[in-house]
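See structure below.
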Amino acid sequence: MVCDGGMSTAPAPGYRPLTKVLHWSVVVAFAVQFAVGYALDASESGRGRGRGRGRGEESGHGRGRGRGGDGYEPFGEDALLTVHVLVGACIVVLGVARLLWRRRTELPPWAPTLTPFERRFAHRTEVALYALTFVVPVTGVLLLASDDDGLLWVHVTAQVGFLAALACHVGLVLKHQLVDRDRLLRRML
82 MVCDGGMSTA PAPGYRPLTK VLHWSVVVAF AVQFAVGYAL DASESGRGRG RGRGRGEESG
142 HGRGRGRGGD GYEPFGEDAL LTVHVLVGAC IVVLGVARLL WRRRTELPPW APTLTPFERR
202 FAHRTEVALY ALTFVVPVTG VLLLASDDDG LLWVHVTAQV GFLAALACHV GLVLKHQLVD
262 RDRLLRRML
């Protein structure tokens, strides 16, 4: 379809189905992970709280120790912490699959409505999100392995970086969806 001036009004080609499935699977996994992580932090169990708010004489000595335990036990008493660890592992697996798929397949051309600045911005945001897909879970594993809440700031900093990059990514999409009304979002749906 062509409008005045010879420019096509046909939507730019979208992403491949597997690209979409991997993208949205990572989105859902991170949403679950943040929900479980915040529930874990708010939990009254005394274990896995991370910010030194455990109960008993051993309180504040690291994740999973709240009542004098010996650190994190996979599939131990703290089911919420186990879910958090398992979802983190799923995020890493999905991230690897997504990165391998991305390196193997060609992306559709840039949407013609993206400015050169927006293309650079989108690319840098994508790189940050890919990197943080691994950094956030790895810092969580380091936190558990060290059994030292003194390293909590590393994990929290990675989360803040992820959320900042996500806000930039979503902001650009929303700008195109709500302001420019160019249906950019359809490419990933």
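Heads up, the working numbering is the position in the sequence shown plus 81, with the first residue counted as 1. The beta carbon of each residue, even a glycine, is placed where N, CA and C say it ideally should be.
Rounded to whole angstroms, how far is the Cβ of residue i from the Cβ of residue j, which I believe are closer than 8 angstroms?
i	j	result
LEU188	LEU103	Not confirmed; about 13 angstroms, so no contact.
VAL117	VAL177	Not quite, the Cβ-Cβ distance comes to about 21 angstroms (not below 8 angstroms), so this is no contact.
LEU253	PHE198	Not a contact, Cβ separation roughly 10 angstroms.
ALA110	ILE172	5 angstroms
HIS250	THR206	5 angstroms
LEU270	TRP182	Not quite, the Cβ-Cβ distance comes to about 18 angstroms (not below 8 angstroms), so this is no contact.
ARG97	THR214	19 angstroms between Cβ atoms; not a contact.
LEU121	LEU161	5 angstroms
Use the C-beta contact count for residue i: other C-beta atoms within 10 angstroms, 16 or more gives buried, fewer gives exposed.
i	result
LEU224	buried
ALA112	exposed
ASP230	buried
THR238	exposed
PRO193	exposed
THR196	exposed
ALA246	buried
VAL208	exposed
HIS236	buried
PRO218	buried
ARG184	exposed
ARG262	exposed
ARG130	Here ARG130 scores only 45 on pLDDT, less than 50, and its place in the model should not be relied on; the value that follows carries that caveat. ARG130 should be labelled buried.
Taking 7 angstroms as the threshold (beta carbon to beta carbon), is residue i in contact with chain B?
i	result
HIS204	Chain labels in this structure do not include chain B; a single protein chain is all it has.
Under the three-state reduction of DSSP, which class applies to residue i: helix, strand or coil?
i	result
ASP261	coil
TYR119	helix
GLY95	coil
GLY157	coil
GLU186	Reading the sequence as shown, one finds Thr at residue 186 and not Glu. In the structure shown, THR186 sits in coil (DSSP, three-state: anything other than H, G, I, E or B).
TYR270	Reading off the sequence shown, one finds Leu at residue 270, where the question assumed Tyr. Looking at LEU270 - three-state DSSP - the assignment turns out to be coil, as it is neither helix nor strand.
SER124	coil
Looking at the ligand NAD, does it come within less than 6 angstroms of residue i, judged from the CB to the closest heavy atom?
i	result
VAL107	With respect to the ligand NAD, the structure offers nothing, as it holds no ligand at all.
In the segment 190-243, which residue ranges form an unbroken alpha helix (DSSP H) of at least 4 residues, counting only runs that do not cross its ends? 197-227
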